[in-house]
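Working notes for the structure below.
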Amino acid sequence: MVRCKTIIAHLSEYVDGEATPEMCHMIEKHLRGCHRCTAVYDSTRKMLVITGDERVFEIPSGYSARLHRFLDKAILEGSAS
Ligand SMILES: [Zn+2]
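In our numbering, the protein residues as written are 68 to 148.
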């Protein structure tokens, strides 16, 4: 079983389409069975839509800090289980 920590570490590559086919497969498989990583995935994707489409790197104030806190928490909880 792949750990949440591993999935979360590679999520941005996956969202960007830069993950290897093996990584994509591993992440997709994990997301189907893990609500926590699915929530992280949704947040990451939304953030990248905001920052990526327009190539605007000034994301809404506080959003990044909140996401990082969320990711830190998710990683901590992932490594505890
Ligand atoms: Zn997970």
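Ideal placement from N, C-alpha and C gives every residue a C-beta, glycine not left out.
In this text the structure is predicted, and so the values were computed from the model without any measurement.
Secondary structure note for residue 91: its alpha helix (DSSP H) is the uninterrupted segment 88-100.
Boundaries of the alpha helix (DSSP H) harbouring residue 80: 71-83, taken from the DSSP string. Around the beta-carbon of residue 97, 16 or more other beta-carbon atoms lie within 10 Å, marking it buried. In the three-state scheme derived from DSSP, where H, G and I count as helix and E and B as strand, residue 114 is classed as helix.
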